[in-house]
Amino acid sequence: MRIKEAYIVIERGRIKRIGREPYGEGSGYQLNCEGLVVSPGYIDTHIHGLEGIDVLEATCDDILELGYKLVEHGVTSFLPTVAAAPHEDLLRVCRTVREAHESWNYKRGARVLGLYLEGPYVNPVKRGGQDERFIRGPSIKELEDYIRASGGLVRQITIAPELEGALDLISYASSRGIVVCIGHTMATYDETMLAIAAGARKATHIFNTMRSFHHREPGVALALLLSPSTFIEVNADFVHLHPATVRFAISLAGPDRVVLITDTSKVARLPDGEYVVRGMRIIV
61 MRIKEAYIVI ERGRIKRIGR EPYGEGSGYQ LNCEGLVVSP GYIDTHIHGL
111 EGIDVLEATC DDILELGYKL VEHGVTSFLP TVAAAPHEDL LRVCRTVREA
161 HESWNYKRGA RVLGLYLEGP YVNPVKRGGQ DERFIRGPSI KELEDYIRAS
211 GGLVRQITIA PELEGALDLI SYASSRGIVV CIGHTMATYD ETMLAIAAGA
261 RKATHIFNTM RSFHHREPGV ALALLLSPST FIEVNADFVH LHPATVRFAI
311 SLAGPDRVVL ITDTSKVARL PDGEYVVRGM RIIV
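Residue numbers (the working numbering): 61 to 344.
Here's what the structure looks like:
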């Protein structure tokens, strides 16, 4: 719904009232947004870093600083995201995100919602930017460790369904209230459907780092797009996906199932130059 010439009242960081007439005496700070569009804050559920901050290496203050920077881009809450890494490093990130979540208040920028584990339970053939040295098989024991270290703040996890033990892990994670994403995978259509039946509910950046479509083996992407119970991550920067591919995904899944993401790393918004991210050389 779009309202023109409206008044928005915000108290303690929350929208209290939207209407066409002034509300009360307006004794607080007033901001004239004439000629502008005011929209709900964005929720970025897949972000590895920004402006030199890498979630994998971050301190609590770094995570909160990341949230502060994100507000400038209209983001009001986010899921700090990590890829494959050594077990101890992931445990440290879990504790850091927990501390940041507990320290957050609305004056400190975008809200820290929890943690997204994009690895390590992915297929190395479709690893993308993940470090192959730290990719490993699904482990319920490890995930239990991460849940405990984060204080129950593991909100989302990517799992490749074709890996041995993946379906058991998908079922377990789903039972703990974790959103299970399918990505970095060579899964077939049938393997993907089994994963969805086990509790998977989301696609990790659709079409990127997953088996390609074939008319005799439609693969993972089509299974996810055609399943009404799944949500679809789309990286709509028109670099990761052609504009026509973005339109195709939205038209097939419908706008209500599409989740726009940034998937940015620490080099985002840094000056042109050469950087190293998780052992990879990146030129901006």
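Heads up, the beta-carbon is just placed ideally off N, CA and C, and yes, glycines get one too.
| Item | Value |
| --- | --- |
| Which first and last residues belong to the beta strand (DSSP E) in which Tyr102 is found? | Tyr102 to Ile107 |
| From Leu203 to Glu222, what does the alpha carbon distance come to, in whole angstroms? | 18 Å |
| Does DSSP put Cys154 in a helix, in a strand, or in coil? | helix |
| Could you check whether Arg329 and Ser289 sit closer than 8 Å to each other, using their CB atoms as the reference points? | no |
| Classify Ile292: buried if its beta carbon has 16 or more other beta carbons within 10 angstroms, exposed otherwise. | buried |
| Mapping the DSSP letters down to three states, classify Ala160 as helix, strand or coil. | helix |
| Does DSSP put Arg215 in a helix, a strand or coil? | strand |
| Please state the DSSP three-state secondary structure of Tyr67. | strand |
| Might you give, ordered along the chain, the residues of its own chain that have their beta carbon closer than 8 Å to the beta carbon of Cys120, omitting 5 neighbours on each side? | Thr156, Glu159, Ala160 and Ser163 |
| Taking the alpha carbon of Ile242 as the point to measure from, which residue in Arg80, Ala281 and Arg236 has its own alpha carbon closest? | Ala281 |
| Do you know how far the Cα of Ser325 is from the Cα of Pro331? | 14 Å |
| Tyr176 and Arg152 - do their beta-carbons sit closer together than 8 Å? | no |
| Assuming Arg208 is part of the alpha helix (DSSP H), what are its boundary residues? | Ile200 to Ala209 |
| How many angstroms separate the CA atom of Gly101 from the CA atom of Val294? | 18 Å |
| Leu116 and Leu139: beta carbons closer than 8 Å? | no |
| Pull the bridge partners of Gly79 from the DSSP assignment, please. | Tyr67 |
| Can you give the Cα-Cα distance for Ala257 and Ser234, rounded to whole angstroms? | 11 Å |
| Would you identify the three-state DSSP class for Arg317, choosing helix, strand or coil? | helix |
| Over what stretch of residues does the beta strand (DSSP E) that includes Glu370 continue unbroken? | Here the chain comprises residues numbered 61 to 344, so residue 370 is not present and cannot be evaluated. |
| Let's see if you can read the secondary structure: which residues bound the beta strand (DSSP E) around Ile343? | Met340 to Ile343 |
| For Asp250, does the count of other Cβ atoms within 10 angstroms reach 16, so buried, or fall short, so exposed? | exposed |
| Tell whether a beta-carbon distance below 8 Å holds between Glu277 and Thr245. | no |
| For Cys154, count the other beta carbons within 10 Å of its own beta carbon; 16 or more makes it buried, fewer makes it exposed. Which is it? | buried |
| What would DSSP say about Met253, mapped onto helix, strand or coil? | helix |
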